[in-house]
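Novice: So the sequence shown is residues 15 to 549, counted in the working numbering. Take a look at this one; I'll ask things after.
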Amino acid sequence: MPITRDADWWRNAVIYQVYPKSWADGDGDGVGDVTGIRAHLSHLARLGIDAVWFSPWYPSPQADGGYDVSDYRDIDPVLGTVAQVEALIAEAHDLGIKVIVDVVPNHTSDEHPFFREALASEPGSLAWRRYHLRRGAAGGTEPPNNWRSTFGGSAWDQVADTQGNPSGWWYLHLFDSRQPDLNWDDPSVREDFLQTLRFWFDRGVDGFRIDVAHGLVKDPQFRPAEHPPVDGEDAIPRPAPSPHWDQPGVHEIWREWRRVANEYTPPRAFVGEVWVPTVEGHAAYLRPDELHTAFNFHYLKCPWDPIELRAVVDLSLREAASVGASTTWVLENHDVPRLPTRLGPHRARAAELFMLGLPGSAYLYQGQELGLPEVLDLPDEVRQDPAFARTAGQHGMRDGCRVPIPWTRDGASFGFSPTGRSWLPQPADWGALSVQAQAGDPTSMLEMTRAALRLRRTEQALGDGDMEWISRPGDTCVVLRRPAGDADPHVLVAVNLGSEPALVVADEVLITSGAALEPVDEGFLLPPDTAAWLR
């Protein structure tokens, strides 16, 4: 069973992200769906995760991989039905797995009824106030200010009049032009999202992952950005204050959402996608009356360097403790290149094992347990990341981490679809990385992950408690000590980021990311680019 079953389960859970389109296709159309998810829930149970997070499954024209939502209280018919999702939630709960779903409150699809109503209404109407619609500069011929889309180009598109001509009015979209930003100063926007929260909470959802949680509130004067990003930069706020990221008013929204979550027994939980430049700013989102947790992107961005790794762990724990929250650890998701491509396969295994030994909650992205690399050679014509088109192919490579995962050694789509179809092409050699190929192989990434989660949950409960450093600052082999059960000695979590084997003083090796460690008089030699748990 999960580490905890109480209201604070989120503090130390291992949460697995499913990107529904790429998980498993049940009906043969080449796109993953709820039927496919339900067919493979046993994989998650055997893996040993505590909760599953589903990327958006709402109706969407798919201009941005489902993050352009046209109805927040329904399921995209390509993926399934609300009734099927209710059955999925019940089945997951029967397996002891909590369910978190994505919610996208910063922007809607341009096909959302709110936006269609706005475009059909007169300027200044109540419907217009749900979005940021403003007169352009230079007599309406230029955007209202210099804000840039994180996908490239201006953050403003001009609204056409009833004859299809430029109207002089512009709407804000900090992402794709088909994702107009909502105006969270409008009470009807706030009330509609409270209804969405209750709709899914009433169906058994245990929490929400909040997309762009730092971006809902904009500067009321729409002042120009002092340092607008160049095309293709991601959504990380610049060190200078931004007029459209991390505005003070966003915190009241999360306080209101927290009150709704607390209406339920046990209370529901929120994890925020929060890109802010400082740990102090990040901690502000985790105060006791706001979000429960937020993704630790400082850790995800940390290079393979012992000094920086130790510093970001210390900083992350100190930040969370300052507001009584728990830290999250994450190395992969649907927006960043996969870890084996960033670090190499051996370091990727070591990085995952070290992460799972840290106190707090940890996130795994689908296929991370298989060691899947980034797919770098997708043809231009199949790419669907909107930033790819908006930057003429210079940016927007997120499709490479969204390629459907392999389940079997053989077959046209390695078990992803009964017809062999796949919405993105899979590499020809992925059968060797499939679940079927790795299951039962004690040297595989899959079995290492299963063993680590089993140790973390049932034997050592490593998600709980504190830690202390055993290694010295500047040591290339980073070693920390974690508390274990009352009857067991403490557990050492070690990773060697140096170029030579390092001695770790211990009596027993519990798990290693590589080959068996060589015993010596005082303990064991940990090879370079290898992690281990010992005691």
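Every residue gets a Cβ at the ideal spot worked out from N, C-alpha and C, and that includes glycine. All values derive from a computational prediction rather than experimental measurement.
The alpha helix (DSSP H) spanning isoleucine 51 covers which residue range?
Specialist: By one-based count along the sequence shown, residue 51 stands at place 37. Unbroken alpha helix (DSSP H) run through isoleucine 51: 48–53.
Novice: What's the call for threonine 95, buried or exposed, on a 16-neighbour Cβ count within 10 Å?
Specialist: Numbered from its first residue, the sequence shown carries residue 95 at position 81. The residue in question, threonine 95, is exposed, as its Cβ has fewer than 16 Cβ neighbours within 10 Å.
Novice: Should the region 188–208 be regarded as contacting the region 119–130, the criterion being three or more beta carbon pairs within less than 8 Å?
Specialist: Judged by Cβ distances under 8 Å, the region 188–208 makes contact with the region 119–130, as three or more pairs qualify.
Novice: Do arginine 464 and glycine 62 have their beta-carbon atoms positioned less than 8 Å apart in this structure?
Specialist: Taking the first residue of the sequence shown as 1, we reach residue 62 at position 48. Taking the first residue of the sequence shown as 1, we reach residue 464 at position 450. Yes. Within cutoff.
Novice: Taking the CB atoms as reference points, tell me whether proline 441 and glycine 429 lie closer together than 8 Å.
Specialist: As a first step, residue 441 is located in the sequence shown; it is residue number 427 there, counting from the start. As a first step, residue 429 is located in the sequence shown; it is residue number 415 there, counting from the start. Cβ distance not < 8 Å, so proline 441 and glycine 429 don't count as in contact.
Novice: From the DSSP output, in three-state form, read off valine 534 for me.
Specialist: By one-based count along the sequence shown, residue 534 stands at place 520. Valine 534 falls in the coil class under three-state DSSP.
Novice: Give the DSSP-derived three-state secondary structure of tryptophan 483 in the structure shown.
Specialist: Position 469 of the sequence shown, counted from the first residue, corresponds to residue 483. DSSP places tryptophan 483 in strand when its eight states are reduced to three.
Novice: Please report how far the alpha carbon of aspartate 260 lies from the alpha carbon of glycine 371, in whole angstroms.
Specialist: On the sequence shown, position 246 is the one that residue 260 refers to. On the sequence shown, position 357 is the one that residue 371 refers to. Roughly 31 Å separates the two Cα atoms.
Novice: Mark asparagine 347 as exposed unless 16 or more other C-beta atoms lie within 10 angstroms of its C-beta, in which case mark it buried.
Specialist: Taking the first residue of the sequence shown as 1, we reach residue 347 at position 333. Under this definition asparagine 347 is a buried residue.
Novice: For lysine 315, write down the residues that DSSP places opposite it in a beta bridge.
Specialist: Taking the sequence shown and counting its residues from 1, the one referred to as residue 315 is at position 301. Partner(s): none; lysine 315 has no beta bridge.
Novice: Report yes if the CB atom of glycine 314 is closer than 8 Å to the CB atom of valine 344, and no otherwise.
Specialist: By 1-based counting over the sequence shown, the position of residue 314 is 300. By 1-based counting over the sequence shown, the position of residue 344 is 330. Contrary to the premise, residue 314 reads as leucine rather than glycine in this sequence. Yes, they are a contact pair.
Novice: In whole angstroms, what is the alpha-carbon distance linking aspartate 543 and tryptophan 198?
Specialist: Taking the first residue of the sequence shown as position 1, residue 543 is located at position 529. Taking the first residue of the sequence shown as position 1, residue 198 is located at position 184. Approximately 47 Å between the Cα atoms of the pair.
Novice: Please report the residue range of the alpha helix (DSSP H) in which isoleucine 103 lies.
Specialist: Position 89 of the sequence shown holds residue 103. Where isoleucine 103 is concerned, the enclosing alpha helix (DSSP H) stretches over 96–108.
Novice: What number of angstroms, rounded off, separates the C-alpha of glycine 512 from the C-alpha of tyrosine 145?
Specialist: Translated into positions along the sequence shown, residue 512 becomes position 498. Translated into positions along the sequence shown, residue 145 becomes position 131. Glycine 512 and tyrosine 145: Cα-Cα distance of roughly 52 Å.
Novice: Anyone know if the C-beta pair for tyrosine 299 and alanine 403 falls short of 8 Å?
Specialist: Residue mapping note: residue 299 aligns to position 285 of the sequence shown, counting from 1. Residue mapping note: residue 403 aligns to position 389 of the sequence shown, counting from 1. Going by C-beta atoms, tyrosine 299 is not nearer than 8 Å to alanine 403.
Novice: Figure out for me which residue from Ala325, Ala451 and Arg416 has the closest Cα to the Cα of arginine 423.
Specialist: Position 409 of the sequence shown, counting from 1, holds the residue named residue 423. Checked all of Ala325, Ala451 and Arg416; the closest Cα to arginine 423 is Ala451.
Novice: State the start and end residues of the unbroken beta strand (DSSP E) segment that holds alanine 376.
Specialist: In the sequence shown, the residue the question calls residue 376 occupies position 362. First-last of the beta strand (DSSP E) with alanine 376: 375–379.
Novice: Proline 158 and arginine 148 look like a contact to me (Cβ under 8 Å); what is the Cβ gap, rounded to whole Å?
Specialist: Residue mapping note: residue 158 aligns to position 144 of the sequence shown, counting from 1. Residue mapping note: residue 148 aligns to position 134 of the sequence shown, counting from 1. Contact holds; Cβ gap of about 4 Å.
Novice: Does the beta-carbon distance from aspartate 190 to serine 181 come in below 8 Å?
Specialist: Residue numbering aside, residue 190 sits at position 176 when the sequence shown is read from its first letter. Residue numbering aside, residue 181 sits at position 167 when the sequence shown is read from its first letter. Taking 8 Å as the Cβ cut-off, aspartate 190 and serine 181 do not qualify as a contacting pair.
Novice: Could you have a look at phenylalanine 428 and say whether DSSP puts it in helix, strand or coil?
Specialist: Residue mapping note: residue 428 aligns to position 414 of the sequence shown, counting from 1. Phenylalanine 428 falls in the coil class under three-state DSSP.
Novice: Please report how far the alpha carbon of arginine 60 lies from the alpha carbon of glutamate 461, in whole angstroms.
Specialist: As a working mapping, residue 60 is identified with position 46 in the sequence shown. As a working mapping, residue 461 is identified with position 447 in the sequence shown. Going from the Cα of arginine 60 to the Cα of glutamate 461 covers about 10 Å.
Novice: Does the distance from the C-beta atom of histidine 265 to that of glycine 229 stay below 8 Å?
Specialist: Here residue 265 refers to the residue found at position 251 of the sequence shown. Here residue 229 refers to the residue found at position 215 of the sequence shown. No, Cβ-Cβ distance for histidine 265 and glycine 229 is not below 8 Å.
Novice: Whole angstroms is fine: what's the gap from aspartate 319's alpha carbon to asparagine 310's?
Specialist: On the sequence shown, position 305 is the one that residue 319 refers to. On the sequence shown, position 296 is the one that residue 310 refers to. If I take the Cα positions, the gap works out to 17 Å.
Novice: Using the Cβ count rule (16 or more neighbours within 10 Å means buried), how would you classify glutamine 193?
Specialist: Here residue 193 corresponds to residue number 179 of the sequence shown, with the count starting at 1. Glutamine 193 is buried by the Cβ-count criterion.
Novice: Tell me whether the beta-carbon of leucine 196 lies closer than 8 Å to the beta-carbon of alanine 169.
Specialist: Position 182 of the sequence shown, counted from the start, is the residue given in the question as residue 196. Position 155 of the sequence shown, counted from the start, is the residue given in the question as residue 169. Cβ distance not < 8 Å, so leucine 196 and alanine 169 don't count as in contact.
Novice: Can you tell which of Ala334, Gly167 and Glu277 has the C-alpha that lies nearest to the C-alpha of aspartate 216?
Specialist: Along the sequence shown, read from residue 1 onward, the residue named residue 216 stands at position 202. For aspartate 216, the nearest C-alpha among the options comes from Glu277.
Novice: For arginine 19 and glycine 218, I'd like the C-alpha separation in whole angstroms.
Specialist: To locate residue 19, count along the sequence shown from 1; it is residue 5. To locate residue 218, count along the sequence shown from 1; it is residue 204. With a pLDDT of only 47 at arginine 19, under 50, the local geometry of the prediction cannot be trusted, and no value is derived from it.
Novice: Using the beta-carbon count (16 or more within 10 Å), is arginine 273 buried or exposed?
Specialist: Numbered from 1 along the sequence shown, position 259 holds the residue referred to as residue 273. Under this definition arginine 273 is an exposed residue.
Novice: Beta strand (DSSP E) containing glycine 79: first to last residue?
Specialist: Sequence index remark: in the sequence shown, residue 79 carries index 65 (1-based). No beta strand (DSSP E) holds glycine 79; DSSP gives it neither H nor E.
Novice: Cutting at 6 Å between CB atoms, please list the residues of its own chain near glycine 154, excluding the five before and the five after it.
Specialist: Along the sequence shown, one-based indexing puts residue 154 at 140. Answer for glycine 154: Gly182, listed in chain order.
Novice: Which value, in whole angstroms, describes the spacing of the CA atoms of proline 234 and threonine 355?
Specialist: If you number the sequence shown from 1, residue 234 lands on position 220. If you number the sequence shown from 1, residue 355 lands on position 341. For proline 234 and threonine 355, the distance between alpha carbons rounds to 42 Å.
Novice: How many Å lie between glutamine 76 and valine 326 at the Cα?
Specialist: On the sequence shown, position 62 is the one that residue 76 refers to. On the sequence shown, position 312 is the one that residue 326 refers to. When rounded, the distance between both Cα atoms is 36 Å.
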